[in-house]
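Trainee: Numbering (full-length UniProt numbering), first residue to last: 1 to 566. Every residue, glycine too, gets a C-beta built ideally from N, C-alpha and C. If you're wondering where the values come from, they're calculated on a predicted model, not measured in any experiment. Shown below is the structure under consideration.
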Amino acid sequence: MKIELIDSNQAAAIDKYTIDILKVPSLLLMEEAAKTAFNEIIKDFKEKDKFFITAAAGNNGADALAVARMLYLAGYTNLDILLLGSKFTKQNETQQEMLKALGLTIYKDLEEIKNLNKDYDCIIDGLFGVGLKRDIEGKYKELIDYINSLSEPKPYVIALDLPSGLDASTSKIYGTCIKADKTICFGYEKIGLYCGKGPSYAGEIVSTPIGLNDSQKLKRIAGAKEGQSPKDAKTPAVDAKSPKDAKTSAVDAHTLAINEFSCLQTIGNIKAVFGNILKDRDSESEEIRKTLDSRVKAGNKGSYGKATIIAGSSGIGGAVILSAKTAARMGLGMVKALTHFSNREALLTSLPECLIDVYENECPIDTLKAALDFADIVVLGPGLSMNEAATKLCKDTLELINKPIIIDADALNIIARDNLFDCLRAAADRLEGRIVLTPHLKEMERLTGIAVKDIKADPVGVAMEFSSKYHVICCLKDAKTVVTDAKRAYINQAGNDGMATAGSGDVLTGVLAGIFSYKFSDPLLAAITGVNIHAVAGDMAAKNLSEEMMLSGDIIKYVDEALKER
Ligand SMILES: NC(=O)C1=CN([C@@H]2O[C@H](COP(=O)(O)OP(=O)(O)OC[C@H]3O[C@@H](n4cnc5c(N)ncnc54)[C@H](OP(=O)(O)O)[C@@H]3O)[C@@H](O)[C@H]2O)[C@@H](O)CC1
Ligand SMILES: Nc1ncnc2c1ncn2[C@@H]1O[C@H](COP(=O)(O)OP(=O)(O)O)[C@@H](O)[C@H]1O
Ligand SMILES: [K+]
Numbered sequence: 001m002k003i004e005l006i007d008s009n010q011a012a013a014i015d016k017y018t019i020d021i022l023k024v025p026s027l028l029l030m031e032e033a034a035k036t037a038f039n040e041i042i043k044d045f046k047e048k049d050k051f052f053i054t055a056a057a058g059n060n061g062a063d064a065l066a067v068a069r070m071l072y073l074a075g076y077t078n079l080d081i082l083l084l085g086s087k088f089t090k091q092n093e094t095q096q097e098m099l100k101a102l103g104l105t106i107y108k109d110l111e112e113i114k115n116l117n118k119d120y121d122c123i124i125d126g127l128f129g130v131g132l133k134r135d136i137e138g139k140y141k142e143l144i145d146y147i148n149s150l151s152e153p154k155p156y157v158i159a160l161d162l163p164s165g166l167d168a169s170t171s172k173i174y175g176t177c178i179k180a181d182k183t184i185c186f187g188y189e190k191i192g193l194y195c196g197k198g199p200s201y202a203g204e205i206v207s208t209p210i211g212l213n214d215s216q217k218l219k220r221i222a223g224a225k226e227g228q229s230p231k232d233a234k235t236p237a238v239d240a241k242s243p244k245d246a247k248t249s250a251v252d253a254h255t256l257a258i259n260e261f262s263c264l265q266t267i268g269n270i271k272a273v274f275g276n277i278l279k280d281r282d283s284e285s286e287e288i289r290k291t292l293d294s295r296v297k298a299g300n301k302g303s304y305g306k307a308t309i310i311a312g313s314s315g316i317g318g319a320v321i322l323s324a325k326t327a328a329r330m331g332l333g334m335v336k337a338l339t340h341f342s343n344r345e346a347l348l349t350s351l352p353e354c355l356i357d358v359y360e361n362e363c364p365i366d367t368l369k370a371a372l373d374f375a376d377i378v379v380l381g382p383g384l385s386m387n388e389a390a391t392k393l394c395k396d397t398l399e400l401i402n403k404p405i406i407i408d409a410d411a412l413n414i415i416a417r418d419n420l421f422d423c424l425r426a427a428a429d430r431l432e433g434r435i436v437l438t439p440h441l442k443e444m445e446r447l448t449g450i451a452v453k454d455i456k457a458d459p460v461g462v463a464m465e466f467s468s469k470y471h472v473i474c475c476l477k478d479a480k481t482v483v484t485d486a487k488r489a490y491i492n493q494a495g496n497d498g499m500a501t502a503g504s505g506d507v508l509t510g511v512l513a514g515i516f517s518y519k520f521s522d523p524l525l526a527a528i529t530g531v532n533i534h535a536v537a538g539d540m541a542a543k544n545l546s547e548e549m550m551l552s553g554d555i556i557k558y559v560d561e562a563l564k565e566r
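Next comes the structure, spelled out in C-alpha cells:
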C-alpha cells in the first residue's frame with residue numbers, strides 16, 4: 001500500500017482552501033476532525049476510565065477541547081483538562097466557551113493536575129500540530145517531559161494529528177516530543193510521521209479522513225488537473241457586496257487558487273510505501289509488475305542481463321560475494337566480479353557461477369574497460385576500501401561509465417574525500433538519471449557535510465536536495481529508506497532491525513543490479529522496487545529466523561520469494 005504524504009504548508013493550504021474557497025466553516029471541519037478522533041478513542045476505553053486532556057492555544061488545542069466535550073457528553077466524565085497558553089485562536093476560544101457552559105473545569109497549571117494525584121488511563125496530546133515551528137520550552141517542555149516520564153501504570157498516550165514536538169514536514173524534533181502510543185492524523189498524513197525519528201514518537205498511526213483528503217478530488221475541485229498551468233486554475237465563485245469588492249475578492253480568490261494550485265500539484269509526490277510494492281493495485285505497481293513480467297520465457301543467459309560488480313579489496317572479501325550472489329539470485333543471466341585477486345578463491349567457492357576479473361596492485365584500464373563493456377548494469381563500491389587502487393578504480397569508472405550504475409559504500413566515501421562531484425555530475429548527465437547512489441546516514445554526512453543528526457531530522461529534504469544537485473537517484477538508507485529523483489520521493493516502510501547487520505547494504509546493491517536489468521521506463525520506480533524487495537526479503541528472513549539470528553546473507557535466500565509475491 002502507498003499513501004500520499006504532505007508537509008505543513010500543504011496542510012495549511014488545504015485547510016485554507018476548504019475554508020476560504022469551498023466555504024466550509026472552520027468549526028465544522030474541526031468538529032469533523034474531533035468526531036473521527038473521538039470515535040477512534042472510544043474503541044479502546046470504557047466510560048469509567050480516567051482521561052487527561054492537554055491543549056495549547058492553537059487549533060490543535062481546539063481539537064483536543066472538542067474531543068474533551070465529546071467524551072464528556074458521551075459519558076466519559078472522569079476527565080481533567082489542562083490548557084496552556086494565552087493567544088488563543090477564535091476556534092479555541094469557542095471550544096473553551098462550550099466546555100465552560102457544560103460546567104467543566106479547565107486547569108491552567110500542571111501542578112494542579114499533579115495535585116489531583118490520579119493514575120490516568122489515557123492522555124490526549126493536543127498541544128501542537130502542524131503549526132509548530134520553533135523549539136518547545138518552559139511549561140510546554142515541562143508538560144511533555146512529565147507525560148513521557150509517567151510509568152507504572154503507564155497511561156496510553158494518544159496524539160492528535162502529530163505527536164507534539166515533531167515537525168510535520170521534516171521529522172525534526174523541536175527540543176522534546178510526546179512519545180505517543182497512537183497518533184490520530186487528520187486528513188492527509190504528514191511526512192514527518194514516516195521518516196527519521198518520526199515513527200518512534202508517533203506509535204501506531206491512524207489516519208482519519210476529514211474534509212478533502214482525496215488528492216484527485218481536490219485537484220479536480222481546484223481545477224488543477226495534471227499538466228495544466230497555474231493560469232488555467234479555475235477561479236472559484238466569490239461573494240461580493242459591491243462591484244469593487246467583487247473585483248478585489250475575485251483577485252484574492254484567484255491568487256489563492258493559484259497558490260493552492262502549486263501546493264495541490266505536489267500532493268502525492270511524496271509517498272510512504274508499506275508492505276510489498278508488487279502487491280499494490282495502483283498504476284505504479286501495475287507498471288512495475290508489467291516490467292518484471294516482461295522477462296522473456298525462452299531467453300538465453302545473454303537475454304537476462306549481465307552485471308559487473310566492482311567491489312572488494314585485499315582486506316574485505318565478503319562484500320563482493322554478497323553483492324554478486326544477490327545479483328545472480330535476482331535472475332541476471334551473468335554476473336562478473338572485478339575484484340582484488342585475494343578474493344578469487346573465496347568468491348569461486350561460494351559462487352562458482354561468477355565470472356571473475358582480478359587485479360593486484362592497480363586495476364589496468366583495459367581490464368576495467370572490458371568489464372564495463374561486458375555489463376548491462378554496474379555496481380561500484382561495496383568493500384572497495386579507499387586505498388590508491390580503489391581510488392583509481394572509482395575515478396576511472398566514473399569517467400568511463402555509460403550504462404546504469406549503482407554506487408555504494410567506499411565509492412561514495414572516495415567521491416566525498418576526493419571531491420569527485422564534477423565527475424559524478426558528468427556521469428549522471430550522460431546516464432540521464434540511471435545512476436543510483438545508496439548512502440547510509442554516515443556516508444551521506446561525508447557526501448554533503450551535513451551532520452547525521454541533521455540528516456535524520458530531514459531525510460527527505462536532504463535526499464531530494466542531493467538528488468537535485470547531482471541528477472542522481474538517491475536511496476538514503478536508514479530504518480525508513482528514502483528513495484528520490486528530486487521531483488518525487490518514496491519512504492520505504494518495510495524492513496526490520498534484523499537488517500542492521502553487516503553486509504545488508506551489499507545485498508541491496510545486488511538487488512538493485514537485478515532490478516535494473518529489467519527495462520524500467522522510470523528508473524525511480526526501479527529503485528523503489530529494489531529497496532522495497534530488499535526490505536520485504538529482510539522481513540521474510542526475520543520471520544523465519546528471528547531478527548537477532550538473521551545474517552545479511554539470509555536476506556538473499558528470500559529475494560526470489562519476495563519478487564514472486566505479485
Ligand atoms: N484550520 C482548521 O480549521 C483545522 C485545523 N485542524 C487542527 O489544527 C492544527 C493546526 O492548528 P494551528 O495552525 O493553529 O497550529 P497548532 O499546531 O495548534 O500550533 C500553533 C499554536 O501553538 C503555539 N506554538 C507553536 N510553537 C510553539 C512553541 N514552540 N512553544 C509554545 N507555543 C507554540 C502557537 O503560538 P504562537 O506561535 O502563535 O505564539 C499557536 O498557538 C492541525 O494540526 C489540526 O490539529 C483540524 O482541526 C482541522 C481543521
Ligand atoms: N532498523 C532497520 N529497519 C529496516 N531496515 C534497516 C534497519 N537497519 C538497517 N536497515 C537496512 O539495512 C541496510 C543496511 O545497509 P548498510 O548500512 O549499507 O550496511 P552494510 O554497510 O553493513 O552493508 C539498508 O538497506 C537499511 O535500510
Ligand atoms: K498533538
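What does DSSP give as the partner residues of H340 in its beta bridges?
Mentor: BP columns for H340 point to Y359.
Trainee: How about I106 and K100: are their beta carbons less than 9 Å apart?
Mentor: yes
Trainee: Please report the straight-line C-alpha distance between I42 and Y120, rounded to a whole angstrom.
Mentor: 15 Å
Trainee: Quick one: measure Cβ to Cβ for I450 and V462, integer angstroms, because I've assumed they're closer than 8 Å.
Mentor: Confirmed, about 6 Å.
Trainee: From what residue to what residue does the alpha helix (DSSP H) around residue 568 run?
Mentor: Coverage of the chain is limited to positions 1 through 566, which leaves residue 568 absent and any answer about it impossible.
Trainee: Where are the beta strand (DSSP E) runs, 3 residues long or more, that stay fully inside the stretch 9-57, in chain order?
Mentor: If we require 3 residues or more, the beta strand (DSSP E) runs fully inside the stretch 9-57 come out as 51-55.
Trainee: Could you please give the first and the last residue of the uninterrupted beta strand (DSSP E) stretch that includes N492?
Mentor: The continuous beta strand (DSSP E) containing N492 extends over residues A489 to N492.
Trainee: Starting from Y201, trace the alpha helix (DSSP H) in both directions and tell me its first and last residue.
Mentor: G198 to A202
Trainee: Verify whether the separation of the beta carbon atoms of A324 and L351 is less than 9 Å.
Mentor: yes
Trainee: Kindly indicate which three-state DSSP category V559 falls into: helix, strand or coil?
Mentor: Note: V559 maps to helix in three-state DSSP.
Trainee: Would you mind working out which of K139, D135, V130 and E137 sits nearest P163, comparing C-alpha positions?
Mentor: V130
Trainee: Quick one: grab the DSSP three-state call for T94.
Mentor: helix
Trainee: Considering only the alpha carbon of each residue, which of Q10, G318 and F186 lies closest to E40?
Mentor: F186
Trainee: Per DSSP, what are the beta-bridge partners of I205 in this structure?
Mentor: T183
Trainee: Going by DSSP, name the residue or residues bridged to L166.
Mentor: Answer is I173.
Trainee: Taking 7 Å as the limit between beta carbons, can you name the residues of its chain near F38, skipping five residues before and five after?
Mentor: Excluding residues within five positions, the ones whose Cβ falls inside 7 Å are V67, M70 and L71.
Trainee: What residue range does the alpha helix (DSSP H) around C394 cover?
Mentor: E388 to L400
Trainee: Are the stretch 527-539 and the stretch 342-357 in contact at 8 Å, needing three or more beta carbon pairs?
Mentor: no
Trainee: With distance defined between alpha-carbon atoms, name the residue in D410, L110, Q493 and K543 nearest to T509.
Mentor: D410
Trainee: So, helix, strand or coil for H534, using DSSP?
Mentor: Reduced to three states, the DSSP call for H534 is helix.
Trainee: Within this structure, are the beta carbons of N496 and I528 separated by less than 9 Å?
Mentor: no
Trainee: Classify G315 as helix, strand or coil using the three-state DSSP reduction.
Mentor: coil
Trainee: Applying the 10 Å Cβ sphere with the 16-neighbour rule, what's the burial state of N413?
Mentor: Of the other Cβ atoms in all chains shown, 16 or more fall within 10 Å of the Cβ of N413; this residue is therefore buried.
Trainee: Run the CB neighbour count on F88, radius 10 Å, all protein chains shown included, and call it buried at 16 or more, exposed below.
Mentor: The residue in question, F88, is buried, as its Cβ has 16 or more Cβ neighbours within 10 Å.
Trainee: Identify which residue in R281, G58, N92 and T326 has its Cα closest to the Cα of D506.
Mentor: Residue T326 is the option with its Cα nearest to D506.
Trainee: Ligand 1 and M70: does any heavy atom of the ligand fall closer than 8 Å to the residue's C-beta?
Mentor: Incorrect: M70 has no Cβ contact closer than 8 Å to ligand 1.
Trainee: Could you tell me the alpha carbon to alpha carbon distance between I377 and P155, rounded to whole angstroms?
Mentor: Here the alpha carbon of I377 sits roughly 53 Å from the alpha carbon of P155.
Trainee: Taking the DSSP output, what are the residues bridged to A272?
Mentor: I3 and I491
Trainee: Could you give the DSSP three-state label for G126: helix, strand or coil?
Mentor: strand
Trainee: Consult DSSP for D80 and reduce its assignment to one of helix, strand or coil.
Mentor: DSSP places D80 in strand when its eight states are reduced to three.
Trainee: With DSSP as the reference, please indicate the residues paired to T484 in a beta bridge.
Mentor: C474 and A489
Trainee: Would you call the stretch 299-319 and the stretch 331-346 touching, i.e. three or more CB-CB distances under 8 Å?
Mentor: yes
Trainee: Skipping 5 residues on each side, what residues in its chain have a beta carbon closer than 8 Å to that of D49?
Mentor: Y76, N78, D121 and C122
Trainee: Cβ of L384 within 9 Å of Cβ of I405?
Mentor: Not in contact: L384 and I405 (Cβ atoms no closer than 9 Å).
Trainee: Given a threshold of 16 other Cβ atoms within 10 Å of its Cβ, counted over all protein chains shown, does residue 576 qualify as buried or as exposed?
Mentor: There is simply no residue 576 to check, as the chain begins at 1 and stops at 566 in what is shown.
Trainee: Please return the same chain residues whose Cβ sits closer than 8 Å to the Cβ of I210, not counting the five positions on each side in sequence.
Mentor: Once the five neighbours on either side are set aside, the close Cβ partners of I210 are L29, E32, A33, T36, F186 and G187.
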